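Residue numbers (this note's numbering), protein chains in the order written: chain A, -5 to 101; chain B, -5 to 101.
Here a beta-carbon is modelled for each residue, glycine too, at the ideal position from N, C-alpha and C.
Predicted model, so just to flag it, every value in this text is computed and none were measured.
Number of protein chains: 2
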Amino acid sequence: MGITKTQIFNTKQNELATIFKVLANPARIAILQYISGQKACICNDIVEEIGLAQPTISQHLKELKSIDLIAGEIDGKRVCYCINLEKWKEIQDLLNSFFDKTTFNCC
Amino acid sequence: MGITKTQIFNTKQNELATIFKVLANPARIAILQYISGQKACICNDIVEEIGLAQPTISQHLKELKSIDLIAGEIDGKRVCYCINLEKWKEIQDLLNSFFDKTTFNCC
DNA sequence: TTTTATTATCGTAATATTGCAATATACAAA
DNA sequence: TTTGTATATTGCAATATTACGATAATAAAA
């Protein structure tokens, strides 16, 4: 049905899945890598860098913002997107916790 | 278009996205947690445990198998799914490497 | 004010994903 | 062999995602 039965699962499971979903796209991975690689605060050279249309990039940025992975700072007519370090580390910890807790094998 | 322009991105970016995509579903998270929580080798009590139809679970298991996150051992008419510890840790390392390399902020 | 540049939103087309009923397959037990 | 049980596959309906053209919104520059 294309719809996920979130009611069946607990909050943590759904939260984890949501985070993974935001990261589950090479364009968004590339955007994150590009933003983090810049020393100065960079705006939408991202569009030129990535090679997707401006509305597409804008939409991907919105999804990254939806879990606070990045933040946009308005600078005149430009917007500067930066990685939200606090959230970034929080998510890394959350994923590691998932991987560590799920490491026991049954065979 | 629902289709991702993978040609635009490099192998590592696509690989990362694929891994995230497999994990981007609460049912698959729950399956992994359930499998790893069992001391004995557990088969499809998963269907009963999770609360989705058998074909649905079977499909999710197939996706988890597609990146070797789990392996299925045939035991008579039953199949025992276990976490592939080696791959599991490999993926955890890969994700940590992504998070570590992408930690520099621009603002 | 008009123009230009930057970013966001809307609408839409194409493809992907989720979920399940029906069915097929494989194997063990009777 | 037949029956029952466990798992996989197929086919389909519903919804989600990806991408982009057109357009709106915003702000600086002319």
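Candidates the options: closest to residue i by CA position
i: I25(A); options: T50(A), G(-4)(A), E67(A), E9(A); result: T50(A)
i: K81(B); options: D69(B), A18(B), L63(B), I(-3)(B); result: L63(B)
i: K56(B); options: V73(B), Q32(B), T5(B), E84(B); result: V73(B)
i: R22(A); options: I2(A), L46(A), T0(A), K95(A); result: L46(A)
i: Q27(A); options: Q86(B), E67(B), Y75(B), N4(B); result: N4(B)
i: I44(A); options: T12(B), V16(B), Q7(B), I85(B); result: Q7(B)
i: T(-2)(B); options: L58(A), P20(A), I85(A), F14(A); result: P20(A)
i: V16(B); options: I61(B), I36(B), T96(B), F92(B); result: I61(B)
i: A18(A); options: L79(A), I36(A), H54(A), F92(A); result: H54(A)
i: E9(B); options: T97(B), T96(B), F92(B); result: F92(B)
i: I40(B); options: G(-4)(B), T12(B), Y75(B); result: Y75(B)
i: K83(A); options: L88(B), D94(B), K83(B), Q86(B); result: D94(B)
Residue i classed as buried or exposed, judged by whether at least 16 other C-beta atoms fall within 10 angstroms
i: Q1(B); result: exposed
i: Q32(B); result: buried
Integer-rounded CB distance, given that residue j should sit under 8 Å from residue i
i: S30(B); j: I77(B); result: 5 Å
i: K59(B); j: G70(B); result: Actually they do not touch by this definition, with Cβ atoms about 19 Å apart.
i: T97(B); j: L79(A); result: 7 Å
i: N90(A); j: N90(B); result: 7 Å
i: I85(B); j: I13(B); result: 6 Å
Exercise for review: Could you pull out every unbroken alpha helix (DSSP H) segment of at least 4 residues lying fully inside the region 9 to 96 of chain B, listed in chain order?
Suggested key: 20 to 31, 40 to 44, 48 to 60, 79 to 95
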